[in-house]
């Protein structure tokens, strides 16, 4: 059984209108929510073995708060330009490329793709995955190359507003 931990980047800043969308950093709330979500992931979800994240500044900054608490070495991280504003087809393709030796993988990207992708799996029904939202999906495939939309079940969803303060 394969496991996907799917996350939307933490809240980004709009304070610098001269920056491109790709280059926007996290705002204060994002820098607060990301470590809180990292603690949740590390304590409650299966151990991440490999991660693929968008190349945007805000996803990389979100990941910087996730990697250490979740004990994911830099060598197990892949920056993937396809995940920047990825659609469903891009996300499924990235998943299918993971090595079968890895049972638990992590995708970190953007909306609307994250919400649309999550909603293809059983037990979903998300109107919107908020910033820093995390969804754990147990997939029915034995091999990453066999992952199909709908071939899995949402096990847990956690959003920053749901964490204890």
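Numbering (this note's numbering), first residue to last: 90 to 254.
By construction, the Cβ of each residue, glycine as well, lies at the ideal position given by its N, Cα and C atoms.
Predicted model, so just to flag it, every value in this text is computed and none were measured.
Nearest-angstrom beta carbon gap, residue j and residue i [assumed within contact, 8 Å]
{"i": "residue 237", "j": "residue 224", "result": "With a Cβ gap of about 17 Å, residue 237 and residue 224 do not count as contacting."}
Check whether residue i and residue j have beta carbons under 8 Å apart
{"i": "residue 140", "j": "residue 119", "result": "no"}
{"i": "residue 153", "j": "residue 111", "result": "no"}
{"i": "residue 181", "j": "residue 95", "result": "no"}
Per-residue burial, residue i [other beta carbons within 10 Å of its own, 16 or more giving buried]
{"i": "residue 254", "result": "exposed"}
{"i": "residue 202", "result": "buried"}
{"i": "residue 249", "result": "buried"}
{"i": "residue 92", "result": "buried"}
{"i": "residue 247", "result": "buried"}
First and last residue of the uninterrupted alpha helix (DSSP H) at residue i
{"i": "residue 153", "result": "146-155"}
{"i": "residue 128", "result": "117-133"}
{"i": "residue 96", "result": "Segment 91-97 is the beta strand (DSSP E) holding residue 96; no alpha helix (DSSP H) there."}
{"i": "residue 245", "result": "Not the alpha helix (DSSP H): residue 245 falls in the beta strand (DSSP E), residues 241-247."}
Limits of the unbroken beta strand (DSSP E) element including residue i
{"i": "residue 198", "result": "193-198"}
{"i": "residue 108", "result": "First-last for residue 108: undefined, no H or E at that position."}
* Are the segment 120-137 and the segment 166-182 touching, with three or more C-beta to C-beta distances below 8 Å? -> no
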